[in-house]
Each structure stands twice: as structure tokens, then as C-alpha cells.
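K.L.:
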Amino acid sequence: MPGANGSWHSDAVEGTVAVPLVLECGLGPLGNMVALWPFAFRLKACQPDAVYLLNLVAADLLLAVHLPFHAAFYLRHETWPLGHASCRGLLFLQVLSRGAGVAFLTAVAVDCYFRVVHPRLRANSLSPRAARGVSGCVWLLLLGLSHRSLLVSEAECPGLEPQGQLSLSALWREALFSAQFVLPFGLILFCNARIVRTLRGRLRDPDRQPQLQRARALVTVVVVLFAACFLPSFLARVPVAVSRGAGGCRVLGATVHVSDVSNGLTYLQSVLNPAVHCSSNPAFRRSYRRVFNTLRGRGREGEAPGDINDSYC
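Sequential numbering of the sequence shown, starting at 1, is according to the UniProt record's numbering.
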């Protein structure tokens, strides 16, 4: 999309953004459908964390609907042939689904924090019905926060990313994205740090050190992946905002290119969520193990006992 004083198009940048988006288009739905399979055939959302994981999978699948159109936008050299209404709808879908994914990632971390660090609080007795109510409130809140994406102008909509225009809708999207990174990342970092500290005090027995090491590794992976997916895009938006007032097309174009590339990393979170979060849940692992054992003709005999204690949460 051209700026006021020059062109921002770059074949190299468009290709750099499009390639990972195409990969995410295939891997994201596949991974999340595998994660959804236990809910459909073997598991019931009988615990709050399972309810939040189910909503996380739903948010990632919703984001997957948007990704092919986003990839096609860059493959067509940042042209949008489908009209203004469809662009606004997909932008709304992007903001809603990405925000929901981050929100339910945070809900899983907070739920785990209370159960590990404060096990006697009444919050740990939350019923699945109450967890579904919390999830519904999260979706309603995000619908309210995301609705301004439907009001973007025809001039700025095709970019689908931060551009040179400083409209109210663009400002709102930038503020919402920043809040969706800073607040959840702070909560996830705090919750996971306290979880590891608490487990270190409880699992002092040498025989339980492997469980502590697994918990520490998982916590590290969750925090590092969240930072790797969202921090570059968050930081790239700062020079875009600063260069908007500088009046230089070349500088603004370069910062927008950096923002385009780093923004593609945010969608990687939806691809990695099933592997990191669902595979770390013992109920999911038991379900997958049953399938593999059945395929190998071993039935239940190949299942390891005590699997539920293999989780820190």
C-alpha cells in the first residue's frame, strides 16, 4: 500500500511474509484439529483448564480462517480484489481471534497459578459451568473491543497491518494490540515464575527432580514462545509510530516492512499452541497414547500408569 510520498511495495518483503503464512495455513488447522479430536471423541471439558484449552483451540481455528486470505494478499503483491466489506470482516476476524487466543493462553496460566500456588482458595473450586461462563464473558468483551475494526476506511483497509494513516480505528487497533501483549505477557511471566518457585519448594525429594525439571522446561518454553511470537511485532510498531510524524516516506516504508515481517510471527503462536499446551496436559497425552497403542495393536497395556502426575498443573 503506497504512502503519501512514495511506494512501500517490496517483492522481497512480500515473499518473506507470504512464505511463513502459507506454511501456517497448513500447519495451524492441522495441529488444532488434532488438538480438538480428544474433545470430540474422548474427553469432556470437566475441568476449567480443559474449558480454556477448548476455547483456545477454537480461537486458533478461527484465526486459521483468516490466514489464507492474508497470505494471498502478499502473494498478489499487496492487492485486495475482494472489496472493502470483506476486508473489514477479515480484519475484524483477525483482531478477535488473535485477541481470544492470547486471552485464553493467559486464562490457562492464571488457572494453573491458583491451583499450584494457592491451592486452598475458593477460585480452585470453579465448576466447568462457571468456566464456560467466564469464557463467554471473554468472547463478549473481545467482541466489544474488536468492533472498531469494522469501521476502517477504504483507504487503509487493504493493508491489514499498521500503515501511514493515523485514523481513530488504526489508533484503536494499535492500542489494543499493545494491551494484548503487555498485560498477558506480564501475567504469564509472573504466574509461571511463581509456579516454578512453589514447585521448587515442594519437590525437594531427589526422586521428584525430573518432574520439577519438566515443569521448569515447559514454563520456559511457554514464556519464550510467547515472547518470540509477539515481542518483535510489538517492538516494530514503535518505530512505525515514531516515523509517522517524521514525514519521510523512505523511513516510514522501511519501518512498515519490518512491521509486516514481524507481524507474521504472531500467527505462529496458533500453530505452536497445540504442541505446547495440549500435549503438556496429561489427559490429552493419555488420549493420544491410547490411539497410538490401538494402532499398534497393544490396546491399554502400553499405557504408563500415573500419567496424571506427570504434569505440574
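Backbone N, C-alpha and C fix where the C-beta goes; we use that ideal spot for every residue, glycine too.
These numbers come from a predicted model, not from an experiment.
1. Could you tell me how far apart the beta carbons of Leu105 and Phe114 are, in whole angstroms, since I believe they sit closer than 8 angstroms?
2. Which of the three DSSP states is assigned to Leu203 in this structure?
3. Go ahead and label Gly15 buried or exposed: buried means 16 or more other beta carbons lie within 10 angstroms of its beta carbon, across all protein chains shown.
4. How close, in whole Å, do the beta carbons of Gly99 and Leu142 come, if the pair is a contact with beta carbons under 8 angstroms?
5. So, with DSSP's three-state summary, where would you put Gly264?
6. By alpha-carbon positions, which one of Ile188, Asp207, Gln211 and Phe230 ends up nearest to Leu199?
7. Let's see if you can read the secondary structure: which residues bound the alpha helix (DSSP H) around Pro274?
8. Between Ser262 and the rest of its own chain, which residues show a CB-CB distance below 8 angstroms, the 5 nearest in sequence each way excluded?
9. With H, G and I counted as helix, E and B as strand and the rest as coil, what does DSSP make of residue 369?
10. Please list, in chain order, all residues of the same chain as Ala4 whose beta carbon is under 6 angstroms from its beta carbon, the five residues on each side excluded.
11. How many Å lie between Ser149 and Ala103 at the Cα?
12. Do you know how far the Cα of Asp207 is from the Cα of Asn32?
13. Find the nearest neighbour of Leu151 within the set Gly89, Ala35, Asp11 and Leu218, judged by alpha-carbon distance.
14. Between Val22 and Ala58, how many whole angstroms is the CB-CB distance? I'm expecting something under 8 angstroms.
15. Kindly indicate which three-state DSSP category Leu121 falls into: helix, strand or coil?
16. May I ask you to report which of helix, strand or coil DSSP gives His66?
17. Is Glu24 helix, strand or coil by DSSP?
18. Would the region 125-132 count as touching the region 171-189 if we require 3 or more Cβ pairs under 8 angstroms?
19. Below 8 angstroms on the Cβ atoms is my contact criterion, and I expect His147 with Ser97 to pass it. Report the Cβ-Cβ distance as a whole number of Å.
20. Using the rule of at least 16 other Cβ atoms within 10 Å of the residue's Cβ for burial, across every protein chain shown, is Phe190 buried or exposed?
21. Less than 8 angstroms between the CB atoms is what I'm expecting for Val276 and Val219, so what's the real figure, rounded?
P.N.:
Let's see:
1. Contact doesn't hold; Cβ gap of about 16 angstroms is too wide.
2. coil
3. exposed
4. 5 angstroms
5. helix
6. Gln211
7. Taken as a continuous stretch (DSSP letters only), Pro274 belongs to no alpha helix (DSSP H), as it is neither H nor E.
8. Pro232, Ser233, Leu235 and Ala236
9. Since the first residue shown for the chain is 1 and the last is 313, residue 369 is missing from the structure and cannot be characterised.
10. Caution is warranted here: a pLDDT of 36 is assigned to Ala4, below 50, making its placement in the model unreliable, and the coordinate value is therefore given only provisionally. No residues qualify anywhere along the chain.
11. Distance between the alpha carbons of Ser149 and Ala103: 18 angstroms.
12. 35 angstroms
13. Gly89
14. Their Cβ separation, rounded to whole angstroms, is 23 angstroms, which puts Val22 and Ala58 out of contact at 8 angstroms.
15. Coil, per DSSP.
16. helix
17. helix
18. no
19. That pair is no contact at about 14 angstroms.
20. exposed
21. With a Cβ gap of about 11 angstroms, Val276 and Val219 do not count as contacting.
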